[in-house]
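Read through the structure below, which is laid out as C-alpha cells, and then see the notes.
There are 2 protein chains.
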Amino acid sequence: MTAVETSPLIRKLSAFATLSTGETALMQRLHRRRKTFVSGRDLVHQGQSEQAAYILAEGWVCSYKLQADGSRQIVDFQIPGDFLGLRSLMLRVSDHSFEPIGSIQASEIMRDELLDTLGRSPRLAAAILWAASRDEAMVVEHLVSVARRDADVRLAHFLLELSARLALVGIGGREGYACPLTQYHLADALGLSAIHVNRILRRLREDRLVTFRGGIVRFDDYDRLLERADFDPAYLDHGGPVLG
Amino acid sequence: MTAVETSPLIRKLSAFATLSTGETALMQRLHRRRKTFVSGRDLVHQGQSEQAAYILAEGWVCSYKLQADGSRQIVDFQIPGDFLGLRSLMLRVSDHSFEPIGSIQASEIMRDELLDTLGRSPRLAAAILWAASRDEAMVVEHLVSVARRDADVRLAHFLLELSARLALVGIGGREGYACPLTQYHLADALGLSAIHVNRILRRLREDRLVTFRGGIVRFDDYDRLLERADFDPAYLDHGGPVLG
DNA sequence: CGCTAAATTGACCCGTGTCAACTGGCGTGG
DNA sequence: CCACGCCAGTTGACACGGGTCAATTTAGCG
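Residue numbers (full-length UniProt numbering), protein chains in the order written: chain V, 1 to 244; chain E, 1 to 244.
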C-alpha cells in the first residue's frame with residue numbers, strides 16, 4: 001500500500017469510485033504544496049478574493065460566517081480528507097472563513113488546477129463532485145437540524161454525523177472518537193448558546209446515551225442514541241463504490 | 001437576439017462569464033427535452049435513485065426535505081434559470097424532493113450529459129460550477145438566518161434575497177415583484193410557524209418597509225428594509241462577468 | 001502555584017410555538 | 001345566482017424552549 005492510497009481523501013473517494021492508478025496519480029498532483037497552519041490564524045477569511053482551496057490532510061478545521069453583530073455561525077467542521085473552500089473557488093470573494101482547530105496540515109489547490117483535473121478524467125470529476133455534493137448535503141442537513149430539531153436531538157444528530165464521517169476515513173467507530181471541539185464550537189455550529197449545550201450534554205450523559213468529556217466522545221448506548229437523534233445517514237451517501 | 005440568448009440560465013451565467021457561440025451551443029444542448037409539470041406532483045422525491053437534474057425555464061419550484069414527524073423544511077426556492085437537483089446528480093439517492101409551485105417548465109439533464117459538457121469546455125464548467133457554488137452559498141446563508149437572525153430580520157432578508165435573484169434574470173426590481181408563495185411556504189422555509197410569519201408580515205407592513213399581499217411583494221422603503229434585514233448581497237456574487 | 005480558558009449551575013426573561021376561533025375570497029354544484 | 005366548502009390569511013391567549021446574566025468550579029500549563 002503506497003502513501004497515496006492511505007491519504008484520507010483517496011480513502012474517502014474510494015467510497016464512491018474505485019480509482020485507477022492514473023486517476024490516483026492525478027489526485028496526487030493536487031496534493032503538492034502541503035502547508036502547516038496553526039489555530040488563531042485563519043486559512044481564508046471572509047471577503048478575501050483568492051482563488052485557492054485546500055485538501056485537509058491532518059487535524060480539524062471549522063468554516064464559519066461572521067455576523068455584523070459579532071456572533072458567528074459555524075457552517076461545518078472539516079476533518080482529514082475534506083476539501084476546504086471548494087465552493088469559494090468559483091466565487092469572486094470567499095463568503096466565509098476557515099479556522100484551524102489546533103495545528104493542521106493542508107495542501108493548496110488553485111482554481112485552474114482543479115478545472116484541469118476535472119477535464120482530464122470524467123470519473124475523477126464525478127468523484128470530486130460527489131465529495132462536494134456530500135458536503136452540500138451536510139449543510140442542508142444542518143439547516144434542517146437548526147430549523148426543526150430540538151436541542152437534544154440536534155446535538156445527538158451532530159455527534160452521530162461526525163462519527164460516521166470519521167469512520168469513513170478510518171478514525172473512530174461505534175465506541176466513540178477523539179474530538180478537539182469545545183462546547184463553544186458546538187454552540188456556534190448548532191445555533192445554541194454554550195450554556196445550553198452544556199445543559200444538554202449533561203442530560204444526554206445522565207440518560208446514558210453519550211458522554212463528551214475531556215476531548216473524547218464516548219457512545220454509552222449507540223442504538224438508543226440513534227433513535228433519539230432522528231439520524232438517517234442516507235444523505236451522507238456512504239454506500240460503497242458506485243463506479244467500479 | 002436568439003431564443004437561447006434570452007433563456008434565463010444563459011442570462012444568469014452571463015453574470016459570471018461572457019459565453020462564446022460555441023459555449024452557448026453546448027448549453028443549448030442541455031435544454032433539449034423540455035417538459036411541463038404541475039403542482040401537487042413532485043419532480044423528484046426524496047429517496048428516489050435517479051440520475052436526472054433539471055433546468056427550470058418557467059415558474060417556481062421549492063426543494064424540501066421531509067422529517068420523520070411529518071414537518072418539512074424548505075431548503076430553497078428555484079426560479080427561472082436555476083438548476084434543480086444538480087447536487088443529487090452525484091449522490092446515489094436524492095436527499096430531498098422538488099415540488100412545482102403552480103405549473104412549470106423544465107428541461108431534463110442526465111448525469112453523463114453534464115459531465116460531458118464540463119469536460120468539453122473549462123469556461124462553461126467554471127460557469128456551471130459558479131452557479132452551483134452560488135446555490136450552495138445561499139443554503140449557507142439560510143443556515144445563518146435560521147440559526148442567528150430573529151424572525152423579522154430573517155423574513156426581510158429572505159424577501160430581499162429573492163428580489164436580487166429575480167432581478168438577475170430580469171424579473172422585478174426595487175419596487176417589488178410577483179411572488180406565488182403562501183405564508184406556509186415562507187414558514188417552512190424560514191423555520192417559523194405560519195402564524196408567526198403572519199405576525200411578522202404585519203409588523204413589516206405597519207413599519208412601512210414591505211407589503212406582501214395578493215401574490216405581490218412591494219417594497220415600501222427599500223433602503224430602510226436593507227438596514228433592518230442585515231442583508232449583504234456579497235454571497236450572491238452578482239458582480240458582473242469575471243471571465244471576459 | 002497562580003493564571004486563564006473551559007465547563008457548570010441557578011434564576012429569570014423573552015421570542016416563538018401552539019391552540020382555538022374567526023374572516024374573506026373564490027370556485028363549484030345545485 | 002346563491003350556498004356551501006375550502007383554503008389562505010388573521011388575531012388573541014397562553015405555554016415553554018432556550019437565551020442571558022451572574023457566580024462558581026474545574027482543568028490545563030508555564
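Virtual Cβ for every residue (Gly too), placed ideally from N, Cα, C.
Close Cβ partners of residue i (< 6 Å) along its chain, the five nearest in sequence each way excluded
i: Q78/E; result: L56, V61 and L84
i: L160/E; result: A229 and F231
i: A194/V; result: Q183, Y184 and A187
i: G81/E; result: P8, L9, K12 and V169
i: M1/E; result: In this prediction, M1/E has a pLDDT of 43, which is less than 50 and means its spatial position is unreliable; nothing more can be read from the coordinates.
i: L201/E; result: F212
i: H45/V; result: S97
i: L30/E; result: I109
Burial state of residue i (16 or more Cβ within 10 Å)
i: G176/E; result: buried
i: S49/E; result: exposed
i: V38/E; result: exposed
i: R41/E; result: exposed
i: P241/E; result: exposed
i: G59/E; result: buried
i: A25/V; result: exposed
i: L166/V; result: buried
i: E227/E; result: exposed
i: L91/E; result: buried
i: D95/E; result: buried
i: E206/E; result: exposed
i: G239/V; result: exposed
i: L243/E; result: exposed
i: A3/E; result: For A3/E, the predicted structure reports a pLDDT of 44, less than 50, and the residue's modelled location is therefore unreliable. The matter cannot be settled from this model.
i: D69/E; result: exposed
Own chain, CB closer than 7 Å to residue i, minus 5 neighbours either side, in chain order
i: H185/V; result: C62 and I74
i: D220/E; result: R208, L209, V210 and T211
i: E108/V; result: R33, K35, A52 and Y54
i: R134/V; result: L236 and D237
i: R120/E; result: L26
Cutoff 7 Å: residue i Cβ touching any chain E Cβ
i: residue 246/V; result: For chain V, the structure presents residues 1 to 244; residue 246/V sits outside this window and is missing.
i: E5/V; result: Unreliable positioning characterises E5/V in this predicted model, as indicated by a pLDDT of 49, which lies under 50. The coordinate reading is nonetheless provided below. No, E5/V lies away from the interface with chain E (no Cβ there is under 7 Å from its Cβ).
i: L66/V; result: no
i: L115/V; result: yes
i: Q73/V; result: yes
i: D152/V; result: no
i: E136/V; result: yes
Proximity test, Cβ basis, 7 Å: residue i and chain V
i: S103/E; result: no
i: P122/E; result: yes
i: W130/E; result: yes
i: V217/E; result: no
i: D42/E; result: no
i: Y235/E; result: yes
i: S145/E; result: no
i: D221/E; result: no
Endpoints, the beta strand (DSSP E) within which residue i is located
i: S145/E; result: Careful: S145/E lies outside any beta strand (DSSP E), inside the alpha helix (DSSP H) at P122 to R148.
i: T6/V; result: Taken as a continuous stretch (DSSP letters only), T6/V belongs to no beta strand (DSSP E), as it is neither H nor E.
i: T36/E; result: R34 to F37
i: V153/V; result: Looking at the DSSP string, V153/V is not in any beta strand (DSSP E); the run it does join, the alpha helix (DSSP H), is A151 to L168.
i: T24/V; result: It is not in any beta strand (DSSP E) - T24/V instead sits in the alpha helix (DSSP H) that spans T21 to L30.
i: G59/E; result: A52 to L66
i: Q48/E; result: Per DSSP, Q48/E belongs to no beta strand (DSSP E) and is neither H nor E.
i: D95/E; result: That residue, D95/E, is in no beta strand (DSSP E); it is neither H nor E in DSSP.
Cβ neighbours of residue i in the same chain (closer than 8 Å, five flanking residues each side left out)
i: G215/V; result: A178, C179 and P180
i: L19/V; result: I10, L13, M27, R123, L124 and A127
i: V146/E; result: R154, L190 and G191
i: H196/V; result: A151 and A187
Residue i versus the options, residue with shortest Cα-Cα distance
i: A17/V; options: S107/V, A127/V and T24/V; result: A127/V
i: W130/E; options: L236/V, Q51/V, L168/V and E141/V; result: Q51/V
i: R224/V; options: R165/V, I200/V, A156/V and H196/V; result: A156/V
i: R203/V; options: D152/V, D237/V and R120/V; result: D152/V
i: R149/V; options: Q105/E, I171/E and Q67/E; result: Q67/E
i: D76/E; options: E136/E, L30/E, G47/E and G119/E; result: E136/E
i: M138/V; options: T117/V, L162/V and R174/V; result: L162/V
i: S103/E; options: L118/E, G47/E and L43/E; result: L43/E
i: Y235/E; options: R174/E, E141/E and F158/E; result: E141/E
i: I101/E; options: Y64/E, D237/E and S121/E; result: Y64/E
i: R111/E; options: A132/E, G22/E and R87/E; result: R87/E
Terminal residues of the alpha helix (DSSP H) in which residue i lies
i: I195/E; result: A194 to E206
i: L186/E; result: Q183 to L190
i: D223/E; result: Y222 to A229
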